[in-house]
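Below you'll find the structure, written out as structure tokens, and then a few comments.
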């Protein structure tokens, strides 16, 4: 049974205040190592190889060089950046406006409206995508039916026009996500003390001035959080364009995530796919750093602007 | 004493995590987007387990279970027939889309676990799987039978001189048409494409479309271009895999589709959507030059139009002497080398493709054209179908010239993109053809 003194020491060790926290954290670390860290390291390694599922061949930076010379990769990058910028600008603005509107005392049954705006987020994404496809469909869709009431024919084909397809995706995504981020802004607005608004009213500040000089600055931490979270999530956009357009027409809705999927799982080029994943990570890091830098209080330009303002 | 519950809790949590990681979804095998490697109680206890092997759990009959991934769920009848006629293996069909199969299969083959015992994929992209080097070599098994199959089809299943797939069917192009509407408008048999265009102009005046056009094109459109180009004797590549430059047949085919769309005799829309079938049901689209397997889709989606449809051979191009058709493709069955029951399940693929009985079962279940040129001579395949006004679609197949498939996933992507730009009016067919050639050469290295 072993040395009893050793058993007692081991027991004491495992039950000590210093050790128990680590024991409790151990499952998380085990999970993280196996299912998070290991795939990250492995995919980084195979991004330097030619790998189709068997027979790894080390090729150095060839995959990355190929990507730099790959016009489809840059089309996907351009589309993704375009989507991220346009979608977030529209969605965050609308979510903020709706949040300010819903937090107004003039609005009755606010709780009902809050629930209604949140419902799209609770719907399954493929269901939303297919529903929008039906809405935009000619002859049998909702928009077509409304046009028909006025004796007109709905001939615009959103998902077939390279100039419109991405906008259809943006509209759908804004509709779905707005309520979700609105909830964050509502929480942020609720944390702003009412006394500040009362003071500004006494000082004669109007609604717009109050919004831009008081509400927005005090909402900044929540705004920064929403912007970063939404940017990262929107960078990974896959479901909507894949279900509706498969990245078409003419690659106008091809995103980096779709290109990664096609390269890895349809063409079987796992090494190149991993390289795409790492390039995406790099872009997201750059975006996040830019955002934080721009919106940070420590930004010298913002500091100067504030002092002068 | 107070510390012990904490330690116990940590152990329980760790065990829970390990068990959760090793477990699988209950419907992973059946749903197209979930699970990995088809680990599923519904998928049977076949090879799709984390250990990578079939459970080999014999039932009281002594049969081992095997998992078969395919998108053709109506193949179940053929599978049932095979299962009933032998005592070695019970094949369980797991349905998912062919892109899902490709994705899951590549992961399973590269990881060495979770692969099915056999799978089905389109012939034109089969090389994506065979180049992994993890499929069963079928060269010796198929050697005695290969003279029954078109060489151009067999070549798609080869990689590095060995055969890795068995193809039970091919899918050549025919012209499906609404016999009642054609007769109403005095349109008889169409022998050439210029007659087709003229018929289209006549029908357009009455508000009909003579064909749907892939718009957006995507990979489906690329395959339509390939089918029509093949019917003209054209190719993207030479026999040894070099991109054909200044490809006159490609340019001609692109111009044909552009003219059909711009003239309004063809309707541009996304294929196989509710909107697409709605146009057929509403009697707006009254003909469809497409592969023969779409006959089953026409039946399934427009059962109320039984007896109104018919079929004729692909028309002849006016500037060509021979009347050909093109191939949409066909399917191929492969067997992962890691399957512990590979020697048993290969018999299904062999039976399905090399025997007349198997070819009958294939035709009866999913309606595609038998690839076995010997079996197709059987009188069974000369019966008419009342849905198609008593006509037999198999009797309307022209010969088809060889078509050389290389890196076809990339071909689909490039051709689809360029055709979309052409249809959007951003470039003409000549520029589209030259772009396709340049991009193919650059991205495939051919």
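Protein chains in written order, with the working numbering: chain A, 1 to 309; chain B, 1 to 446. Glycine included, each C-beta is placed from N, C-alpha and C at the ideal position.
- Residue pairing by DSSP leaves residue 164 of chain B without any beta bridge partner.
- Straight-line spacing of the CA atoms in residue 176 of chain A and residue 103 of chain A works out to 20 Å.
- For the region 158-171 of chain A, the residues whose beta carbon sits under 9 Å from a beta carbon of chain B are, in order, 159, 160, 161, 162, 163 and 165.
- Taken through DSSP and simplified to helix, strand or coil, residue 146 of chain B comes out as helix.
- Taking 8 Å as the threshold, the shortest C-beta distance from residue 417 of chain B to chain A falls below it.
- Judged by their CB atoms, residue 214 of chain A and residue 200 of chain A are nearer to each other than the 8 Å cut-off.
- For residue 203 of chain A, there are no neighbours in chain B by C-beta distance under 9 Å, as the nearest C-beta there is about 56 Å away.
- The residue from B:132, B:102 and B:96 with its alpha-carbon nearest to that of residue 50 of chain A is B:132.
- Collapsing the DSSP output to three states places residue 192 of chain B in a strand.
- DSSP places residue 258 of chain B in the uninterrupted alpha helix (DSSP H) bounded by 248-263.
- Within the region 97-131 of chain B, contact with chain A at the beta-carbon level (separation under 7 Å) is assigned to 99, 102, 103, 106, 109, 110, 128 and 131.
- When only Cα atoms are considered, residue 221 of chain A and residue 207 of chain A end up about 21 Å apart.
- Beta-bridge analysis with DSSP links residue 64 of chain B to B:89.
- Rounded to the nearest angstrom, the Cβ distance from residue 330 of chain B to residue 368 of chain B is 7 Å, consistent with a contact under 8 Å.
- DSSP, read as helix, strand or coil, puts residue 373 of chain B in coil.
- Only residues of its own chain outside the window of five on either side were considered, and among them 382, 383, 384 and 385 have a CB closer than 7 Å to the CB of residue 392 of chain B, listed in chain order.
- Within the model, the alpha-carbon separation for residue 125 of chain A versus residue 240 of chain A is close to 7 Å.
- Comparing C-alpha distances from residue 258 of chain A to each of B:103, B:67 and B:286 shows the shortest one belongs to B:103.
- The region 395-410 of chain B makes contact with the region 315-327 of chain B, as at least three CB pairs between them are under 8 Å.
- Within a 10 Å sphere around the beta-carbon of residue 319 of chain B sit fewer than 16 other beta-carbons, which makes this residue exposed.
- Under a criterion of Cβ atoms nearer than 8 Å, the residues of chain B adjacent to residue 267 of chain A are, in order, 128, 409 and 410.
- At the C-beta level, residue 210 of chain B and residue 84 of chain B stay beyond 8 Å of one another.
- Residue 445 of chain B and residue 435 of chain B have their C-alpha atoms spaced approximately 15 Å apart.
- Counting only residues of its own chain and dropping the five nearest sequence neighbours on each side, residue 211 of chain A has a CB closer than 8 Å to the CB of 100.
- Below the 8 Å Cβ cutoff, chain B contributes 106 and 110 as neighbours of residue 270 of chain A, in chain order.
- A check of alpha carbon separations from residue 174 of chain B across B:100, B:314 and B:198 identifies B:314 as the nearest.
- Residue nearest to residue 291 of chain B within the set B:172, B:205, B:432 and B:130 is B:172 (criterion: CA-CA distance).
- One Cα belongs to residue 340 of chain B, the other to residue 406 of chain B, and the distance between them is close to 31 Å.
- Within the model, the alpha-carbon separation for residue 92 of chain B versus residue 43 of chain A is close to 34 Å.
- Closer than 8 Å to the CB of residue 215 of chain B there is at least one CB belonging to chain A.
- In the structure shown, the three-state DSSP call for residue 136 of chain B is coil.
- Within the same chain, no residue comes within 7 Å of residue 16 of chain A by CB-CB distance, once the 5 residues on both sides are set aside.
- Residue 254 of chain A carries a coil assignment under DSSP once its states are collapsed to helix, strand and coil.
- DSSP links residue 244 of chain A through a beta bridge to no other residue.
- In this structure, the straight-line span from the alpha carbon of residue 266 of chain A to that of residue 243 of chain A is close to 16 Å.
- The Cβ atoms of residue 366 of chain B and residue 72 of chain B sit closer than 8 Å to each other.
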